[in-house]
Ligand code: HEC
């Protein structure tokens, strides 16, 4: 009985934390684009003075600055070739499938935004395809992604936060 309950809890936790879309195995073919964050090049540690940045960037630093000493480190923004014009237009219309990736290069993690019927889905994978999503509030839960990506009014348009620099 107890064993059964533990198994059930384990399954429920896994389901709850799971990434919302499958791993984009072709992510290396995506093209890197220049956005404000890509131009900065890295997410800093918690001592960085980010007070001059827009509030959403300040919250992003606050969410991830403590993941390791020195901060999360090098990042790049990758866009699926078939969605490059959507990304550039920034009109909230995206083709189905994985579209945008925030690549945390030092952490070897992929933050993936995928569209289904033009609705954004959020996923977290390691570079080699392990689901790296975690509990709510960890910054690695699809709902944490959604909260920030929709919580700043017009700053993010249908899931897309960055604009081309
Ligand atoms: C606290 C706020 C915040 C959280 C939490 C957050 N993001 Fe973002 N995200 C941003 C901002 C701001 C940018 C734009 C950075 C830039 O200038 O390129 C961004 C950029 C991105 C991009 C590049 C394309 C785009 O939308 O501009 C992807 C993909 C992405 N995030 C996915 C995720 C995923 C997946 C998660 C959850 C694991 C997540 N994000 C969590 C704020 C956040």
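In the numbering used here, the protein residues as written are 19 to 183. Even for Gly, the Cβ is constructed at its ideal location relative to N, Cα and C. Owing to the predicted nature of the structure, the values given are computational and were not obtained by experimental measurement.
Residue i (DSSP reduced to helix, strand or coil)
| i | result |
| --- | --- |
| residue 82 | helix |
| residue 44 | coil |
| residue 94 | strand |
| residue 60 | strand |
| residue 143 | strand |
| residue 131 | strand |
| residue 113 | coil |
| residue 149 | strand |
| residue 38 | coil |
| residue 154 | coil |
| residue 181 | coil |
| residue 138 | strand |
| residue 55 | helix |
Among the options, the one whose alpha carbon lies nearest that of residue i
| i | options | result |
| --- | --- | --- |
| residue 182 | 160, 108, 67, 87 | 108 |
| residue 87 | 96, 97, 80, 64 | 64 |
| residue 46 | 117, 154, 39, 67 | 117 |
| residue 58 | 161, 94, 143, 179 | 94 |
| residue 66 | 52, 48, 82 | 82 |
| residue 112 | 162, 138, 154, 71 | 138 |
| residue 144 | 158, 132, 154 | 158 |
| residue 52 | 161, 140, 142, 105 | 105 |
| residue 115 | 160, 134, 140, 128 | 134 |
| residue 172 | 128, 73, 40, 123 | 73 |
Proximity test, residue i beta-carbon vs the ligand HEC heavy atom, cut-off 7 Å
| i | result |
| --- | --- |
| residue 141 | yes |
| residue 122 | no |
| residue 64 | no |
| residue 158 | yes |
| residue 55 | yes |
| residue 41 | no |
| residue 77 | yes |
| residue 129 | yes |
| residue 180 | yes |
| residue 81 | yes |
Distance cut-off 7 Å: residue i Cβ against heavy atoms of the ligand GTP
| i | result |
| --- | --- |
| residue 48 | Among the ligands present in this structure, namely the ligand HEC, the ligand GTP is not found. |
Nearest-angstrom Cβ-Cβ length linking residue i and residue j, presumed shorter than 8 Å
| i | j | result |
| --- | --- | --- |
| residue 168 | residue 174 | 7 Å |
| residue 37 | residue 151 | 5 Å |
| residue 48 | residue 96 | 4 Å |
| residue 68 | residue 79 | 5 Å |
| residue 35 | residue 147 | Contact doesn't hold; Cβ gap of about 16 Å is too wide. |
| residue 90 | residue 120 | Actually they are not in contact, since the Cβ atoms of residue 90 and residue 120 sit about 10 Å apart, beyond 8 Å. |
| residue 60 | residue 92 | 5 Å |
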